[in-house]
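Q: A single structure is presented below for examination.
Residue numbers (the working numbering): 3 to 205.
So this is what it looks like as structure tokens:
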């Protein structure tokens, strides 16, 4: 129990590292919280600081979710009784919540798309791949990144129920979808008002 609490805390703190904020601050001398959408994720980094920093941010944000889950899988391979049932999913959510509500930014953070995909890549690989493909497809059709992200969010539980049925995996993906929609509330309001940000890229 104590070990699980420590791991959840460490997963949250690892997820809370605001790579987008730190990278744009160091290499572009800009405060991303005050520019674009005010978000620390790779899409806003792309608008503010260009493709390279955006790609680095995307990889690091995915790693924040991927590595804690990988660690649990490795530990469980040595001792399958080490953690309680479903704990690996709690670890994934701890990383996502760290990214979305970073203690280092006074509980501000990102939308959680990349960290969610990283967290569930080992847990539900087929829905994650499906969601990634949906995101790419919608992104080619729509000028709004948020629309692609919302489509990705919906595809997670929809593909989850197809591949896993009404299982632990499905309900975890459904929770991810709800959390992603919650974090995209400002984007949804701007879309309805016709004032959402277009994708603007600096090379």
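By construction, the Cβ of each residue, glycine as well, lies at the ideal position given by its N, Cα and C atoms.
Just so it is clear, the structure is predicted and the values come from calculations on it, not from any experiment.
Which residues in the same chain have their Cβ closer than 7 Å to the Cβ of residue 118, if we skip the five residues on either side of it in sequence?
A: Counting only Cβ-Cβ distances below 7 Å, and skipping sequence neighbours, we find 67, 98, 178 and 182.
Q: What does the alpha-carbon distance come out to for the pair residue 123 and residue 63?
A: Each residue's alpha carbon lies about 13 Å from the other.
Q: Classify residue 53 as helix, strand or coil using the three-state DSSP reduction.
A: Note: residue 53 maps to helix in three-state DSSP.
Q: State buried or exposed for residue 109, treating a residue as buried only when at least 16 other CB atoms are found within 10 Å of its CB.
A: Counting Cβ neighbours within 10 Å, residue 109 comes out exposed, since fewer than 16 surround it.
Q: Restricting to runs no shorter than 4 residues, where is the alpha helix (DSSP H) found entirely within the stretch 47 to 100?
A: With a minimum length of 4 residues, the continuous alpha helix (DSSP H) runs that stay inside the stretch 47 to 100 are 53 to 80.
Q: Return the first residue and the last residue of the alpha helix (DSSP H) that residue 7 is part of.
A: Where residue 7 is concerned, the enclosing alpha helix (DSSP H) stretches over 4 to 17.
Q: Assuming residue 175 and residue 162 form a contact by the criterion Cβ under 8 Å, report the distance between their Cβ atoms to the nearest whole angstrom.
A: Sure, about 4 Å apart at Cβ, within 8 Å.
Q: Taking 8 Å as the CB-CB cut-off, is residue 43 touching chain B?
A: Given the protein chain composition of this structure (a single chain), no chain B is represented.
Q: Could you give the distance in angstroms between the alpha-carbon of residue 59 and the alpha-carbon of residue 167?
A: Their Cα atoms are separated by approximately 33 Å.
Q: Are the stretch 64 to 84 and the stretch 13 to 22 touching by the rule of at least three beta carbon pairs closer than 8 Å?
A: Yes, the stretch 64 to 84 is in contact with the stretch 13 to 22.
Q: Under a Cβ-count criterion, where at least 16 other Cβ atoms within 10 Å of its own Cβ denotes burial, should residue 152 be classed as buried or exposed?
A: So residue 152 counts as buried.
Q: Taking the continuous alpha helix (DSSP H) assigned at residue 190, which residues delimit it?
A: Here the alpha helix (DSSP H) through residue 190 covers 187 to 195.
Q: For the alpha helix (DSSP H) containing residue 133, name the first residue and the last one.
A: Residue 133 -> alpha helix (DSSP H) spans 127 to 143.
Q: Exposed or buried, what is residue 90 when buried is set at 16 or more other beta-carbons lying within 10 Å of its beta-carbon?
A: Buried: at least 16 other Cβ atoms inside 10 Å.
Q: Would you mind working out which of 85, 23, 102 and 150 sits nearest residue 9, comparing C-alpha positions?
A: It is 85.
Q: Taking C-alpha atoms, which residue in 121, 127, 115 and 169 lies nearest to residue 147?
A: The shortest C-alpha separation from residue 147 is found at 115.
Q: Whose C-beta lies closer than 6 Å to the C-beta of residue 96 among residues of the same chain, with five residues either side of it excluded?
A: So the qualifying residues of the chain are 10, 13 and 14.
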